[in-house]
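S.K.: Please read through the structure below; I'll follow up with questions.
In this note's numbering, the protein residues as written are 12 to 370.
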């Protein structure tokens, strides 16, 4: 087995609105300070009404609460009376604390449950399902589905926004996930994911459809991963990043319509669990995933070498060609070694069949 050392890799990823004077600057402790200078054309001189006009993004109830809490000040002195009358030229400051996100609620979202007992639940995650609430995805997540299915039994160690969650899959990565239904299970699973099979039973396997054919049968990518220096929503191989190790093995090669290799199916297993790890590592060695718009956009021209039906299947996929097909772990309660496998979902199966036939 050829080991690809991290220090041999280099990062190749290109790296006065009218009537109001306003300043916005982040204050300590996640407090945003807004400054309003009262002009002479206000329809009312009441503090709450002036602010409602000038700060329409803050509801009247929110403004009233901020005033009563002493978060609204005139010339540096808190004013707690919403009916206080202001004068032209007055400077009003509003300290707006970052709103606490609401606790997720249960939602009737279908789950493909592979295994469940009093300690854990294993599901086969579909594409398009976000794991936990976050900006832009406050509802419709796996957490919302788990709350509805499991109720209050989910472990709270991960916090109210992530009950039961011990690991994640990207929104459009399909496959096996486990969640903890109590705190004992959460502690055990967290430790197993941290170890990632180096000394224990934990194994996580992925099937990937990647561009081009590797020049060997198998390899190990040992290259640190961290946030991309310029595109913060991406990850990248970077010196000084967190250790990341991916084992890969070639399972099948696919030819284009010219008869030459154009893509491959790779089986990957992880020693670590970094964000986007498989996607970043395979892209880094020159084999980004088919359909990966984040780490493989420069490979779009490769699609022209596919047969017309393969091109249609790839377009229909609309996501990275990655599936978490294998999960093995030690049961938190019994100590038994459990293993589950998941078939490729229909969209990846359809793409693979077209690639096999070079259609």
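The beta carbon of each residue, even a glycine, is placed where N, CA and C say it ideally should be. All of these numbers come straight from a predicted model, not from anything done at the bench.
Does DSSP classify residue 125 as helix, strand or coil?
M.R.: Looking at residue 125 - three-state DSSP - the assignment turns out to be strand.
S.K.: Rounded to a whole number of angstroms, what is the C-alpha to C-alpha distance between residue 298 and residue 225?
M.R.: Distance between the alpha carbons of residue 298 and residue 225 is about 8 Å.
S.K.: Determine the direct distance from the alpha carbon of residue 78 to that of residue 393, and round the result to whole angstroms.
M.R.: A query on residue 393 cannot be resolved here, the shown segment of the chain reaching from 12 to 370 and no further.
S.K.: Alpha helix (DSSP H) containing residue 135: first to last residue?
M.R.: Where residue 135 is concerned, there is no enclosing alpha helix (DSSP H), although the beta strand (DSSP E) it sits in stretches over 131 to 136.
S.K.: Between the beta-carbon of residue 222 and the beta-carbon of residue 163, is there less than 8 Å?
M.R.: Contact: no.
S.K.: Let me confirm a value: residue 65 is counted as buried when at least 16 other C-beta atoms fall within 10 Å, else exposed. Which label applies?
M.R.: Classification for residue 65: buried.
S.K.: Cα-Cα, which of 173, 259, 60 is closest to residue 145?
M.R.: Per the Cα distances, 173.
S.K.: Got a sec? Which residues, its chain only, sit under 7 Å from residue 139 by beta carbon, not counting five neighbours each side?
M.R.: Once the five neighbours on either side are set aside, the close Cβ partners of residue 139 are 182, 183.
S.K.: Identify which residue in 49, 102, 106, 51 has its Cα closest to the Cα of residue 41.
M.R.: The option with the nearest alpha carbon to residue 41 is 106.
S.K.: Does DSSP put residue 286 in a helix, in a strand, or in coil?
M.R.: Reduced to three states, the DSSP call for residue 286 is coil.
S.K.: Is it true that the CB of residue 246 sits closer than 8 Å to the CB of residue 285?
M.R.: Contact: yes.
S.K.: Taking the C-alpha atoms as reference points, what is the distance between residue 361 and residue 324?
M.R.: Distance between the alpha carbons of residue 361 and residue 324: 7 Å.
S.K.: Please go through the same chain and pick out, in chain order, the residues whose beta-carbon is closer than 6 Å to the beta-carbon of residue 82, but skip the five residues on each side of it.
M.R.: Once the five neighbours on either side are set aside, the close Cβ partners of residue 82 are 106.
S.K.: Who are the near neighbours of residue 59 in its chain, counting only those whose CB is closer than 8 Å to its CB and skipping five residues on each side?
M.R.: Hits under 8 Å: 71, 74, 75, 78, 93, 94.
S.K.: Quick check: what's the CA-CA separation for residue 310 versus residue 103?
M.R.: Answer to the nearest angstrom: the Cα atoms are 54 Å apart.
S.K.: So does the region 278 to 294 actually touch the region 254 to 267, counting three or more Cβ pairs closer than 8 Å?
M.R.: Touching, yes, given that three or more Cβ pairs across the two stretches are closer than 8 Å.
S.K.: Reducing DSSP to helix, strand and coil, say where residue 119 ends up.
M.R.: Residue 119: coil per DSSP, three-state reduction.
S.K.: Fully enclosed by the region 310 to 356, which alpha helix (DSSP H) runs are 4 residues long or longer?
M.R.: Listed in chain order, the complete alpha helix (DSSP H) runs (minimum 4 residues) inside the region 310 to 356 are 319 to 328.
S.K.: With C-beta atoms as the reference, is residue 84 less than 8 Å away from residue 49?
M.R.: No, they are not a contact pair.
S.K.: Does the Cβ-Cβ distance between residue 220 and residue 332 come in under 8 Å?
M.R.: Contact flag set, yes.
S.K.: Under the criterion of a Cβ to heavy atom distance below 7 Å, does residue 284 qualify as lining the ligand FAD?
M.R.: Questions concerning the ligand FAD fall outside what the structure shown contains, since it holds no ligand whatsoever.
S.K.: Can you tell me the Cα-Cα spacing of residue 166 and residue 152, whole angstroms?
M.R.: So the alpha carbons of these two residues sit roughly 17 Å apart.
S.K.: Between which two residues does the alpha helix (DSSP H) carrying residue 200 extend?
M.R.: From DSSP, the alpha helix (DSSP H) with residue 200 extends over 194 to 206.
S.K.: The beta strand (DSSP E) that contains residue 71, what's its start and end?
M.R.: Note, residue 71: premise wrong, no beta strand (DSSP E); alpha helix (DSSP H) at 71 to 79.
S.K.: Is the distance from the Cβ of residue 118 to the Cβ of residue 159 below 8 Å?
M.R.: Yes.
S.K.: With DSSP as the reference, please indicate the residues paired to residue 141 in a beta bridge.
M.R.: DSSP lists no partner for residue 141.
S.K.: Does residue 192 pass the burial test, meaning 16 or more other C-beta atoms within 10 Å, or should it be called exposed?
M.R.: With 16 or more other Cβ atoms within 10 Å, it is buried.
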